[in-house]
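Here's the structure, in C-alpha cells; my notes come after.
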Amino acid sequence: MTAAPRLVTAVGGPASLCRFRGALVGAVLGDCIGGEFEGTEPEEIPLDRVLQYLDGLEDETRGDSILQYSDDTAMTRCVAHSLLTRAGFDEQDMARRFAKEYNLAPFRGYGAGVMQVLKKLASPQLSDVYQPARAQFGGRGSFGNGGAMRAAPFALAFRDRADVRRYTRLGAMLTHSCSLGYNGAILQALAVHLSLQGALVLPQDFLKTLITEMEEVEKDESARSDARALNESEFPFCARLHRVKELLERNNVSVEEVISELGNGIAALHSVPTAIFCALHCMEPREGLPEKYGGLERTVAFSLSLGGDTDTIACMAGAIAGAHYGIDAISQSWQRCCEASEEADMLAQRLHNMYHRAPPEGDPGVLSSGNSQQHLRGGSSSEPQPPE
Ligand SMILES: [Mg+2]
Numbered sequence: 001m002t003a004a005p006r007l008v009t010a011v012g013g014p015a016s017l018c019r020f021r022g023a024l025v026g027a028v029l030g031d032c033i034g035g036e037f038e039g040t041e042p043e044e045i046p047l048d049r050v051l052q053y054l055d056g057l058e059d060e061t062r063g064d065s066i067l068q069y070s071d072d073t074a075m076t077r078c079v080a081h082s083l084l085t086r087a088g089f090d091e092q093d094m095a096r097r098f099a100k101e102y103n104l105a106p107f108r109g110y111g112a113g114v115m116q117v118l119k120k121l122a123s124p125q126l127s128d129v130y131q132p133a134r135a136q137f138g139g140r141g142s143f144g145n146g147g148a149m150r151a152a153p154f155a156l157a158f159r160d161r162a163d164v165r166r167y168t169r170l171g172a173m174l175t176h177s178c179s180l181g182y183n184g185a186i187l188q189a190l191a192v193h194l195s196l197q198g199a200l201v202l203p204q205d206f207l208k209t210l211i212t213e214m215e216e217v218e219k220d221e222s223a224r225s226d227a228r229a230l231n232e233s234e235f236p237f238c239a240r241l242h243r244v245k246e247l248l249e250r251n252n253v254s255v256e257e258v259i260s261e262l263g264n265g266i267a268a269l270h271s272v273p274t275a276i277f278c279a280l281h282c283m284e285p286r287e288g289l290p291e292k293y294g295g296l297e298r299t300v301a302f303s304l305s306l307g308g309d310t311d312t313i314a315c316m317a318g319a320i321a322g323a324h325y326g327i328d329a330i331s332q333s334w335q336r337c338c339e340a341s342e343e344a345d346m347l348a349q350r351l352h353n354m355y356h357r358a359p360p361e362g363d364p365g366v367l368s369s370g371n372s373q374q375h376l377r378g379g380s381s382s383e384p385q386p387p388e
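When the letters of the sequence shown are read in order and numbered with UniProt numbering, they come out as residues 1 to 388.
Below, the structure written as C-alpha cells:
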C-alpha cells in the first residue's frame with residue numbers, strides 16, 4: 001500500500017515548536033521501529049526487507065498492533081518528566097525516576113549492567129546517586145550508549161550550549177560513569193541542539209562545530225586516561241567525527257564501510273557518530289530508498305539497514321533528523337503505530353516552553369536543596385559536580 005501524500009508545512013525558524021516535536025517524536029519512532037531489527041547482522045536485513053517492513057506500517061489493514069518502545073524511550077521519558085517537574089536538572093529526582101520506571105516495567109530491554117545500577121538506585125538508603133554507576137566494571141564505569149540514547153530532552157530543555165553539555169553529562173553519569181559513555185551522550189545532545197537551530201542545512205559546518213565542541217570536552221584528563229585505558233586514540237569522538245566528514249565527502253558509501261569505519265554496536269563510540277552520519281547521509285535522496293520518502297524516513301530506513309543496535313541508532317538519528325525536518329514531515333501512520341509517540345509530542349511542547357523561558361538578566365539560575373542541584377530556566381551557572 002502506498003503512503004498517503006503528506007502536507008509538509010514549513011519547518012519554522014530556529015528552535016521552532018515544530019522542530020522540538022519532530023525531535024522527540026523522531027526519537028520514539030526510531031526506537032519503536034528499530035526494535036524490530038535489534039541485534040541482527042546487516043547481511044540478514046537487506047534494504048528491501050527493511051523497506052517491506054516499513055511499507056507494512058503504512059498498511060491500514062494491519063490493525064491496531066502497536067510497536068512497543070524499549071529502554072531508550074522509557075529512560076527518555078524519565079529525563080523529560082524530571083527536567084520539566086523540577087524545572088531543571090535534579091540528579092536525585094532523575095535517579096528515582098529511572099529506578100521506578102525500571103521497577104514498573106523491567107521488560108523494556110535494559111542491558112544487564114544497567115539493571116544492576118537501577119536496582120541500587122531504588123534503595124532508599126542511597127545518598128550518592130552516582131555511586132552505583134561508578135562502581136560498575138571494576139570501578140571503570142560503562143561506556144555504553146545508554147546515556148546517549150536518552151540525551152535528547154537535555155538538548156530541548158536548555159538554551160545555553162554549555163548547560164546542554166553540563167547537564168547531559170551529569171544525567172548520563174547516573175548510569176554511565178566512563179567518559180566514553182557520558183561524552184557520547186554530550187555529543188548526541190549537542191547534535192540535536194544544533195539541529196534544532198537549523199544547523200543541518202550546512203553539514204560540513206555542523207560537523208565542524210561538533211568537532212570544536214568535542215575537542216573541548218575530550219581534552220579533560222579523565223577523558224584522556226579513559227581513552228588510553230581502552231586503547232582508543234586520544235580525542236576518540238573527534239576522530240570518529242572526522243571519519244563521518246570523510247565518508248560524507250565520498251560519492252558512494254556502502255553499509256559495510258559505514259559499519260567498519262563508524263560501528264553499529266552498543267558502545268557510545270560505536271553508535272553516536274554512526275547516528276550522526278545516518279542523519280547527514282540521508283539529507284539527499286539515496287539510491288535504493290523510495291522517492292516518496294522524506295528525509296526522516298530515509299534516515300530511519302538507512303539506520304535499520306546497518307543492523308546491530310538498531311533501536312538506539314535509529315532513536316538517536318531520529319532525534320537529530322526530527323529536529324531538522326519537524327513534526328509535519330513525520331508519517332502519521334508511523335506515529336500512530338508507535339507506543340508513546342503522543343506523549344513524546346506533548347513532552348516536546350512542554351520542553352519548548354521551558355527552553356523559551358529565558359532567565360532574567362543576572363539570575364544565576366541555581367537553587368540548592370540538600371544533595372540536589374536544581375538548574376532553573378536555562379541560564380548559565382557554575383558547574384555542579386557529582387559527589388566524588
Ligand atoms: Mg533499547
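For glycine and all other residues, C-beta sits at the position ideal for the given N, C-alpha and C. All figures in this text were calculated on a predicted structure; none of them were measured in a lab.
_Short Cβ contact (9 angstroms threshold) for Leu121 with Val129_ = yes
*Ala112 to Ile266, Cα distance in whole Å?*
Roughly 12 angstroms separates the two Cα atoms.
*Just the Cα atoms here: how many angstroms apart are Gly307 and Val217?*
Approximately 29 angstroms, taken between the alpha carbons.
*According to DSSP, residues forming a beta bridge with Cys338*: Leu67
*asked:* Nearest by alpha-carbon distance to Ala239: which of Val192, Ala105, Gly294, Leu180 is it?
replied: Leu180
_If contact is defined by three or more beta carbon pairs under 8 angstroms, each pair taking one atom from either stretch, is the region 139-158 in contact with the region 197-214?_
no
*What's the gap between the Cα of Cys18 and the Cα of Val25?*
11 angstroms
*Should Thr312 be labelled buried (16 or more other beta-carbon atoms within 10 Å of its own) or exposed?*
buried
*Could you please give the first and the last residue of the uninterrupted alpha helix (DSSP H) stretch that includes Leu280?*
272-281
*Go ahead and pull the three-state DSSP assignment for Ala267.*
strand
_Only counting the same chain, and skipping five residues up and downstream in sequence, which positions put a Cβ closer than 6 angstroms to that of Arg228?_
none
*Taking only the alpha-carbon atoms, compute the straight-line gap between Val8 and Gln335 and give it to the nearest angstrom.*
Interpretation of Val8 is limited by its pLDDT of 43, a score under 50 that renders its predicted location unreliable; the figure taken from the coordinates is listed afterwards. Cα to Cα, the separation comes out at about 15 angstroms.
_For Met94, count the other beta carbons within 10 Å of its own beta carbon; 16 or more makes it buried, fewer makes it exposed. Which is it?_
buried
*Please say whether Met75 and Glu101 have beta carbons closer to each other than 9 angstroms?*
yes
_I'd like to know whether the C-beta atoms of Ala275 and His176 end up nearer to each other than 9 angstroms._
It is not a contact, given that the beta carbons lie outside the stated cut-off.
*Could you spell out the range, first to last residue, of the alpha helix (DSSP H) harbouring Gly22?*
Gly22 -> alpha helix (DSSP H) spans 17-34.
*Taking only beta-carbon atoms, is Ala329 less than 9 angstroms away from chain D?*
Here chain D cannot be found, since the structure has a single protein chain.
*asked:* Quick check: does the Cβ of Thr76 come within less than 8 angstroms of any heavy atom belonging to ligand 1?
replied: no
*Give the secondary structure of Gly144 by DSSP, where H, G and I count as helix, E and B as strand, and everything else as coil.*
strand
*asked:* On the criterion of 16 or more Cβ atoms from any shown chain inside 10 Å, does Leu104 qualify as buried, or is it exposed?
replied: exposed
*Is Thr312 near ligand 1, judged by its Cβ being under 8 angstroms from some heavy atom?*
yes
*asked:* By the three-class DSSP mapping on this structure, what secondary structure does Asp128 have?
replied: coil
*Any heavy atom of ligand 1 closer than 8 angstroms to the Cβ of Met149?*
yes
*With respect to the alpha helix (DSSP H) encompassing Gln116, which residues constitute its N-terminal and C-terminal limits?*
112-121
*asked:* Please tell me whether Glu36 and Thr299 are closer than 9 angstroms, where the distance is taken between their beta carbons.
replied: Their beta carbons are not under 9 angstroms apart, which means Glu36 does not touch Thr299 by this criterion.
*Identify whether Gly138 lies in helix, strand or coil by the three-state DSSP scheme.*
helix
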